[in-house]
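A.B. asks: Each residue of the sequence shown is one higher than the one before, counting from 99 in the numbering used here.
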Amino acid sequence: MRGSGKKSFAMIMVLLIAAGMVLAACSNNNEGGNKGNGNTNVPVKQEATEGNDGANADSGASEDPLGKYDPPIEVTTVRNLSDVVENNVLGVLEGETFEDNRWTRVYEEQLGIKIRNEWVVKGNPDSDQYVQKMNVTLASGELPDFLSVNAVQLKQLTESDLIEDMTELYEKYASPLTKDILSQEGTGPFDAATFDGKLMAIPQVEPSIERSMFVWIRTDWLNKLGLQPPKTMADVLAISKAFTEDDPDGDGKPDTFGLGVTKDLWGGANGLEGFMAGYKAYPNLWVEDASGKLVFGSIQPEVKQALQALQDMFKNGQIDKEFGIKDGGKVAEDITAGKIGMEYGEQWNSIWPLQLNKNNEPDAQWQAFPIVSESGELPKVPQKFSTTKFFVVRKGAEHPEAVIKLFNLHLEKNWGETAEFDVYYAPKEAESVWQLSPVQPAPPKKNVTAYREIDAARKAGDFQALKGEAKTIQEKIDLYNSGSEEGFAVWGWERIYGPEGSMGITDQYDKNNQFLIDKFVAAPTPTMVERKSTLEKLQDETFVKIILGDPIDSFDKFVEDWKKLGGDQMTQEVNEWYASTK
Numbered sequence: 099m100r101g102s103g104k105k106s107f108a109m110i111m112v113l114l115i116a117a118g119m120v121l122a123a124c125s126n127n128n129e130g131g132n133k134g135n136g137n138t139n140v141p142v143k144q145e146a147t148e149g150n151d152g153a154n155a156d157s158g159a160s161e162d163p164l165g166k167y168d169p170p171i172e173v174t175t176v177r178n179l180s181d182v183v184e185n186n187v188l189g190v191l192e193g194e195t196f197e198d199n200r201w202t203r204v205y206e207e208q209l210g211i212k213i214r215n216e217w218v219v220k221g222n223p224d225s226d227q228y229v230q231k232m233n234v235t236l237a238s239g240e241l242p243d244f245l246s247v248n249a250v251q252l253k254q255l256t257e258s259d260l261i262e263d264m265t266e267l268y269e270k271y272a273s274p275l276t277k278d279i280l281s282q283e284g285t286g287p288f289d290a291a292t293f294d295g296k297l298m299a300i301p302q303v304e305p306s307i308e309r310s311m312f313v314w315i316r317t318d319w320l321n322k323l324g325l326q327p328p329k330t331m332a333d334v335l336a337i338s339k340a341f342t343e344d345d346p347d348g349d350g351k352p353d354t355f356g357l358g359v360t361k362d363l364w365g366g367a368n369g370l371e372g373f374m375a376g377y378k379a380y381p382n383l384w385v386e387d388a389s390g391k392l393v394f395g396s397i398q399p400e401v402k403q404a405l406q407a408l409q410d411m412f413k414n415g416q417i418d419k420e421f422g423i424k425d426g427g428k429v430a431e432d433i434t435a436g437k438i439g440m441e442y443g444e445q446w447n448s449i450w451p452l453q454l455n456k457n458n459e460p461d462a463q464w465q466a467f468p469i470v471s472e473s474g475e476l477p478k479v480p481q482k483f484s485t486t487k488f489f490v491v492r493k494g495a496e497h498p499e500a501v502i503k504l505f506n507l508h509l510e511k512n513w514g515e516t517a518e519f520d521v522y523y524a525p526k527e528a529e530s531v532w533q534l535s536p537v538q539p540a541p542p543k544k545n546v547t548a549y550r551e552i553d554a555a556r557k558a559g560d561f562q563a564l565k566g567e568a569k570t571i572q573e574k575i576d577l578y579n580s581g582s583e584e585g586f587a588v589w590g591w592e593r594i595y596g597p598e599g600s601m602g603i604t605d606q607y608d609k610n611n612q613f614l615i616d617k618f619v620a621a622p623t624p625t626m627v628e629r630k631s632t633l634e635k636l637q638d639e640t641f642v643k644i645i646l647g648d649p650i651d652s653f654d655k656f657v658e659d660w661k662k663l664g665g666d667q668m669t670q671e672v673n674e675w676y677a678s679t680k
């Protein structure tokens with residue numbers, strides 16, 4: 099059984115690699131589900147599966163979620179070593195290496211789990227070298243004990259019978275804290291990891307709520323031109339026009355733009371998701387129509403209206419005439435140079451790229467504002483399903499529950515009753531030390547929770563009770579408020595968590611139930627695997643050309659082509675999945 103699985107999986111992987119179809123996990127963010135109520139949103143327990151040598155029934159591990167193996171065990175995995183970890187963590191810590199550090203030591207000391215990396219590749223998980231190395235590993239079928247994979251890889255490993263059914267193991271070994279935190283995004287992350295009623299991976303849940311969009315505006319320009327923050331899309335357009343035509347930088351030249359946009363159109367900085375949401379357009383999301391069926395947001399008529407508005411802005415010089423060839427880095431250079439006064443982006447934009455402008459122009463000031471709608475009603479805030487990492491366990495691994503125990507301890511040491519946040523998550527000397535751990539789960543609402551704690555302390559005038567992440571963040575705000583040169587460098591943090599911060603808007607989005615989350619959270623459908631990248635390229639090229647001046651009716655041709663080239667089949671497959679979840 100296992101041998102045939104390896105062979106079939108190798109064939110699949112060869113085809114995928116040849117076609118260049120190594121896809122990042124699709125689907126993110128789930129609406130609904132239990133939000134932090136402690137209920138475990140996973141499938142009902144299944145009987146131990148055949149072929150795992152009884153691992154689900156009894157692996158000899160302590161049933162205590164934080165119990166220690168005695169004697170100790172060794173488990174293997176594979177890793178990437180990012181530039182951040184290499185330079186900003188290991189580069190400043192003494193006596194710690196990627197293989198021997200505070201995280202590997204605490205896992206061994208408290209759990210009796212020794213971690214050995216079968217291979218380590220420098221770079222990010224999306225680097226060519228890492229992707230190629232992972233492809234070779236997966237195609238060989240010779241897996242380490244546990245590893246992180248994306249949704250496509252998870253599906254292929256499941257179909258090839260190479261990984262463990264984790265259903266019973268999760269129920270038995272996950273701590274109450276782990277079950278609580280991993281359920282806070284709702285059932286979506288577990289739905290994405292469940293096949294035929296079996297939980298085949300532990301999802302490393304990523305926050306959807308914290309990918310909220312805002313409209314970031316230079317308030318020093320607003321004040322100079324006598325303008326007010328936007329309440330409607332008409333206001334956004336008026337601000338864009340004024341920032342372009344009324345010389346907000348005072349140099350007497352027509353060299354400023356109202357809105358920053360990248361050639362890639364989407365993303366956490368200078369993306370168009372928040373702008374389009376103002377017209378009730380939700381590209382790249384699967385949303386429910388009036389009949390309860392799922393439809394793809396990119397082909398809905400509201401997108402055409404938003405594209406018309408963007409085309410008009412481009413014609414009027416409010417968008418850089420070279421935007422079609424400028425990536426995020428190039429747009430950041432324009433922001434740094436004081437040429438752009440407004441952009442849509444996520445909460446971290448004040449740290450990058452807006453801090454670069456602040457460094458260059460100390461008197462510049464940016465502030466996040468809620469996205470707005472045409473009518474002035476509260477708009478829906480689009481959010482892609484964000485969970486893209488799934489931890490799988492090799493079928494037949496001697497201790498398949500070990501990875502769950504790693505999750506338990508990582509969460510406990512950072513957010514549990516015995517947390518040492520300043521040691522294991524963000525010590526002052528190396529704020530990304532948490533990335534040394536091979537598993538990195540975190541509460542999906544941790545940032546908005548920190549904001550709420552800080553805001554409550556701010557209103558009470560007493561910060562003494564703050565601890566963990568909230569305390570660390572408040573220390574940055576205090577540093578900024580000190581007026582020191584060092585404090586100037588953390589201006590971006592104050593713009594997120596201060597009284598006018600972006601995270602306060604996220605708090606309001608959450609309380610107002612404004613989130614519109616991608617409804618498709620399963621593994622990629624067959625047509626997605628085959629056609630999704632082609633359809634995305636068609637979409638983005640068409641949208642860029644329309645903004646640059648192609649006839650607006652080109653959108654209708656795009657919709658027709660999208661449907662013929664696999665979109666209709668993809669929609670059918672998505673709805674078959676959606677019907678099965680009800």
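We put the CB at the ideal spot given by N, CA and C, even for glycine.
1. Could you tell me whether the stretch 215-228 touches the stretch 466-480, using the rule of 3 or more Cβ pairs below 8 Å?
2. Leucine 252 to valine 183, Cα distance in whole Å?
3. Assign glycine 358 to one of three DSSP states: helix, strand, or coil.
4. Between glycine 134 and asparagine 178, what straight-line distance do the alpha-carbon atoms span, to the nearest angstrom?
5. Assess contact between the stretch 605-621 and the stretch 560-569, defined as three or more Cβ pairs (one per stretch) separated by less than 8 Å. Is contact present?
6. Considering only C-alpha positions, which residue in the set Ala299, Glu266, Thr485 and Gly514 is nearest to leucine 245?
7. How is the alpha helix (DSSP H) around alanine 290 delimited, first residue to last?
8. Just grab the DSSP bridge partners of leucine 179 for me.
9. Which residues mark the beginning and the end of the alpha helix (DSSP H) in which tryptophan 464 is found?
10. With DSSP collapsed to three states, give me the class of tyrosine 753.
11. First and last residue of the beta strand (DSSP E) that includes glycine 443?
12. Going by the DSSP bridge assignment, what does asparagine 215 pair with across the sheet?
13. What does a CB cutoff of less than 7 Å around leucine 370 pick up in its chain, not counting 5 residues either side in sequence?
14. Please tell me whether tyrosine 380 and glycine 395 are closer than 9 Å, where the distance is taken between their beta carbons.
15. Helix, strand or coil: how does DSSP classify glycine 103 here?
16. Grab me the residues of phenylalanine 373's own chain with a C-beta within less than 6 Å of its C-beta, minus the 5 sequence neighbours each way, in chain order.
17. Alpha carbon to alpha carbon, how far is asparagine 382 from serine 448?
18. Between the alpha carbons of glycine 665 and valine 657, how many angstroms are there, rounded?
19. Is phenylalanine 421 near lysine 361, with beta carbons less than 9 Å apart?
20. Please name the residue or residues paired with proline 301 in a DSSP beta bridge.
21. Considering Cα atoms alone, identify which of Glu499, Asp226 and Lys329 is closest to leucine 266.
22. Measure the C-alpha to C-alpha separation of alanine 435 and serine 338 and round it to an integer number of angstroms.
23. Could you check the C-alpha separation between leucine 509 and glutamine 463 for me, to the nearest Å?
24. Figure out for me which residue from Lys526, Glu386, Val334 and Trp660 has the closest Cα to the Cα of alanine 677.
25. Three-state secondary structure (DSSP) at glutamine 681?
26. So, at 8 Å on beta carbons, what are the nonlocal neighbours of isoleucine 423 in its own chain, with the 5 sequence-adjacent residues on each side left out?
27. Does the Cβ of arginine 203 have 16 or more other Cβ atoms within 10 Å, making it buried, or fewer, making it exposed?
28. Per the DSSP calculation, methionine 614 is bridged to which residue(s)?
29. Would you call the stretch 525-541 and the stretch 187-201 touching, i.e. three or more CB-CB distances under 8 Å?
30. Sorted by chain position, which residues of the same chain lie with C-beta nearer than 7 Å to isoleucine 650's C-beta, five sequence neighbours on each side aside?
C.D. replies: With the structure as the only source:
1. no
2. The residue given as residue 252 occupies position 154 in the sequence shown. The residue given as residue 183 occupies position 85 in the sequence shown. When rounded, the distance between both Cα atoms is 26 Å.
3. For the purposes of this step, residue 358 is taken as the residue at position 260 of the sequence shown. In the structure shown, glycine 358 sits in coil (DSSP, three-state: anything other than H, G, I, E or B).
4. In the sequence shown, residue 134 corresponds to position 36, counting from 1. In the sequence shown, residue 178 corresponds to position 80, counting from 1. Low confidence applies here, because glycine 134 scores a pLDDT of 31, under 50, leaving its location unreliable; read the following figure in that light. Answer to the nearest angstrom: the Cα atoms are 31 Å apart.
5. no
6. Translated into positions along the sequence shown, residue 245 becomes position 147. Per the Cα distances, Ala299.
7. Locating residue 290 in the sequence shown gives position 192, where the first residue counts as 1. Element bounds for alanine 290: 286-290.
8. Here residue 179 refers to the residue found at position 81 when the sequence shown is read from its first residue. Paired residue(s): Lys220.
9. For this step, residue 464 is matched to residue 366 along the sequence shown. No alpha helix (DSSP H) contains tryptophan 464, which is instead part of the beta strand (DSSP E) from 464-468.
10. This structure does not reach residue 753, given that the chain is present from 99 up to 680, and the question cannot be answered.
11. Numbered from 1 along the sequence shown, position 345 holds the residue referred to as residue 443. First-last of the beta strand (DSSP E) with glycine 443: 440-443.
12. As a working note, residue 215 is residue 117 in the sequence shown. Bridge partners of asparagine 215: Thr175.
13. The count along the sequence shown starts at 1 and reaches residue 370 at position 272. Once the five neighbours on either side are set aside, the close Cβ partners of leucine 370 are Val359, Leu363, Trp364 and Tyr442.
14. By 1-based counting over the sequence shown, the position of residue 380 is 282. By 1-based counting over the sequence shown, the position of residue 395 is 297. Yes. Within cutoff.
15. Within the sequence shown, the letter at position 5 stands for residue 103. Its pLDDT being 43, under 50, glycine 103 is placed unreliably by the model, and the measurement read from it follows with that caveat. Residue state, collapsed to three classes: helix.
16. By 1-based counting over the sequence shown, the position of residue 373 is 275. Excluding sequence neighbours, phenylalanine 373 sits near Tyr442.
17. Working through the sequence shown from its first residue, we reach residue 382 at position 284. Working through the sequence shown from its first residue, we reach residue 448 at position 350. Looking at the two C-alpha atoms, the distance is approximately 25 Å.
18. Here residue 665 is taken as the residue at index 567 of the sequence shown, counted from 1. Here residue 657 is taken as the residue at index 559 of the sequence shown, counted from 1. For glycine 665 and valine 657, the distance between alpha carbons rounds to 9 Å.
19. For this step, residue 421 is matched to residue 323 along the sequence shown. For this step, residue 361 is matched to residue 263 along the sequence shown. In contact: phenylalanine 421 and lysine 361 (Cβ atoms closer than 9 Å).
20. On the sequence shown, residue 301 is found 203 positions in, with the first residue counted as 1. Proline 301 is bridged to Phe488.
21. Here residue 266 corresponds to residue number 168 of the sequence shown, with the count starting at 1. This sequence places glutamate at residue 266; leucine is not what is there. Among Glu499, Asp226 and Lys329, the Cα nearest to that of glutamate 266 belongs to Glu499.
22. In the sequence shown, residue 435 corresponds to position 337, counting from 1. In the sequence shown, residue 338 corresponds to position 240, counting from 1. Their Cα atoms are separated by approximately 18 Å.
23. Taking the sequence shown and counting its residues from 1, the one referred to as residue 509 is at position 411. Taking the sequence shown and counting its residues from 1, the one referred to as residue 463 is at position 365. Leucine 509 and glutamine 463: Cα-Cα distance of roughly 37 Å.
24. On the sequence shown, position 579 is the one that residue 677 refers to. When only C-alpha atoms are compared, the closest one is Glu386.
25. The question about residue 681 has no answer, for the chain in this structure spans 99 to 680.
26. Walking along the sequence shown from the start, residue 423 turns up at place 325. So the list reads Lys361, once near-sequence residues are dropped.
27. Looking up residue 203 in the sequence shown gives position 105. Exposed is the label assigned to arginine 203, since fewer than 16 other Cβ atoms lie within 10 Å of its Cβ.
28. The residue given as residue 614 occupies position 516 in the sequence shown. The residue asked about is misnamed: residue 614 is leucine in this sequence, not methionine. BP columns for leucine 614 point to Pro480.
29. yes
30. In the sequence shown, counting from the first residue as 1, residue 650 sits at position 552. Cβ neighbours of isoleucine 650 beyond the five flanking positions: Lys402, Leu405, Gln406, Gln409 and Ile644.
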